[in-house]
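Residue numbers (our numbering): 49 to 250. Where a beta carbon is used, it is the ideal one built from N, C-alpha and C, also for glycine. Small disclaimer: the values here were computed from a predicted structure and weren't measured.
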Amino acid sequence: MQTLVTELSRLPGIGNRTAQRLAFHILRASPEEAAALAEAIREVKEKIGLCEVCFNLTDETRCRICQDERRDHGLICVVEEPSDVIPMERTHEYHGVYHVLGGALSPIDGIDAEDLKVAELFARIAGEGGASDQEGSVREIVLATNPTTTGEATALHIAEELRTRAPGLTVTRLASGLPVGSDLEYADEVTLGKAFAGRRGM
């Protein structure tokens, strides 16, 4: 039991008490339920890998988004992690493709551009190698890294590199500011400042 608790507590957001509750829940579960959980974990580790084009999660060589000919392959949204693709897709507003960096620049943690899929992004834009997108060059890159210090640094680094490598390419950044339904009095100065900077015509 202690081994199970220890392993469960390694999961993000799971403390020791939560791990204990989960362990006891698994213990009380039927053998079929416990076996199904174990099989799901084993299967996901064996079958899920990275797309050869965008580095999103997939059980094939290319993910379903990269395979979809209806998507706009001239529009690439750059995100930090595969988990960032899910909320983007939920909006049903974006119809381009993605590029997953696998993290964000963080020199203090020893994460440099070489540790991310940045070079692969530049190669993809240049149309190099077998992993390039469909015919028709990339028109726009949407930098959708997180609005954190590391996310902003990553977006700035990529934008600067693209200005040199592909001057004709449109590079945009996701707008940030006030969330829908919030009150101005509760907004902090940084959020309000971003909202002012990103204002648009009506």
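- In the DSSP annotation of this structure, the continuous segment of the alpha helix (DSSP H) that includes His-205 starts and ends at 197 to 213.
- Taking one beta carbon from each stretch, the segment 158 to 171 and the segment 198 to 215 have 3 or more pairs nearer than 8 Å; the two touch.
- The secondary-structure analysis by DSSP pairs Tyr-142 with nothing; it has no beta-bridge partner.
- Only residues of its own chain outside the window of five on either side were considered, and among them Ile-189, Ala-207, Leu-210 have a CB closer than 6 Å to the CB of Val-219, listed in chain order.
- When DSSP states are grouped into helix, strand and coil, Ile-124 belongs to the strand group.
- Exclusion of the five residues before and after Val-53 leaves Ala-67, Gln-68, Ala-71 as the residues of its chain whose Cβ lies within less than 6 Å of its Cβ.
- Counting of Cβ neighbours within 10 angstroms places Gly-61 among the exposed residues, the total staying below 16.
- Assignment of Gly-97 by DSSP, reduced to helix, strand and coil, places it in the strand class.
- Cα atoms of Gly-241 and Arg-247: separation of roughly 10 Å, rounded to the nearest angstrom.
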